[in-house]
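Residue numbers (the numbering used here): 189 to 304.
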Amino acid sequence: VQLVESGGGLVQAGGSLRLSCAASGSTFRLIHMGWYRQGPGKERELVAIITSDGGRTNYAESVKGRFTISRDNAENTIYLQMNSLKPEDTAVYYCNAFFVITGNYWGQGTQVTVSS
Numbered sequence: 189v190q191l192v193e194s195g196g197g198l199v200q201a202g203g204s205l206r207l208s209c210a211a212s213g214s215t216f217r218l219i220h221m222g223w224y225r226q227g228p229g230k231e232r233e234l235v236a237i238i239t240s241d242g243g244r245t246n247y248a249e250s251v252k253g254r255f256t257i258s259r260d261n262a263e264n265t266i267y268l269q270m271n272s273l274k275p276e277d278t279a280v281y282y283c284n285a286f287f288v289i290t291g292n293y294w295g296q297g298t299q300v301t302v303s304s
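Okay, here's the thing in structure tokens:
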């Protein structure tokens, strides 16, 4: 399984970005996909996850009401719509896919920089 992210960039505070993550290869026994981020000098943290059928989502408290995760099962792609961005959202954002038995897969990461 390969995960390819796109959509990062530089934006001013209050702006919006949309990240995409396309999964290639077999998605059999995929449990959920999601986004994590790692800011400068910080540990990697969960941002949002969505179940393989798209039925359930979960968000970090810090992004609730501002970020929305969604998926297109036909394209094996997930999205992260990020609105009202803050400088503290600056981080490398990583796409994640979790499978039964084989565990976690990660994308290469995409930089999001929010200027004040």
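For every residue, glycine included, the Cβ atom is placed at its ideal position computed from N, Cα and C.
Fair warning: this is a prediction, and the values are worked out from it, not measured in the lab.
Excluding the five sequence neighbours on either side, which residues of its own chain have a C-beta within less than 8 Å of the C-beta of residue i, listed in chain order?
| i | result |
| --- | --- |
| Ser214 | Val189 |
| Thr245 | Ala236, Ile237, Ile238, Thr239 and Ile257 |
How is residue i classed by DSSP in three states: helix, strand or coil?
| i | result |
| --- | --- |
| Ala211 | strand |
| Asp241 | coil |
| Asn261 | helix |
| Glu276 | helix |
| Asn284 | strand |
| Arg225 | strand |
Between the C-alpha atoms of residue i and residue j, what's the straight-line distance to the nearest angstrom?
| i | j | result |
| --- | --- | --- |
| Thr239 | Ser303 | 32 Å |
| Phe255 | Asn271 | 6 Å |
| Gln296 | Tyr282 | 7 Å |
| Thr301 | Gly243 | 30 Å |
| Pro275 | Ala262 | 34 Å |
| Asn292 | Ser204 | 28 Å |
| Val199 | Met221 | 25 Å |
Apart from the five residues on each side of it in sequence, which residues of its chain come closer than 7 Å, Cβ to Cβ, to residue i?
| i | result |
| --- | --- |
| Ile289 | Arg217 |
Which residues in the same chain as residue i place their Cβ atom closer than 6 Å to its Cβ, once the five residues preceding and following it in sequence are excluded?
| i | result |
| --- | --- |
| Phe287 | Arg217 and Leu218 |
| Gln226 | Arg232, Ala279 and Val280 |
| Ser212 | Gln190 |
Within this structure, are the beta carbons of residue i and residue j separated by less than 7 Å?
| i | j | result |
| --- | --- | --- |
| Glu193 | Cys209 | yes |
| Leu207 | Leu268 | yes |
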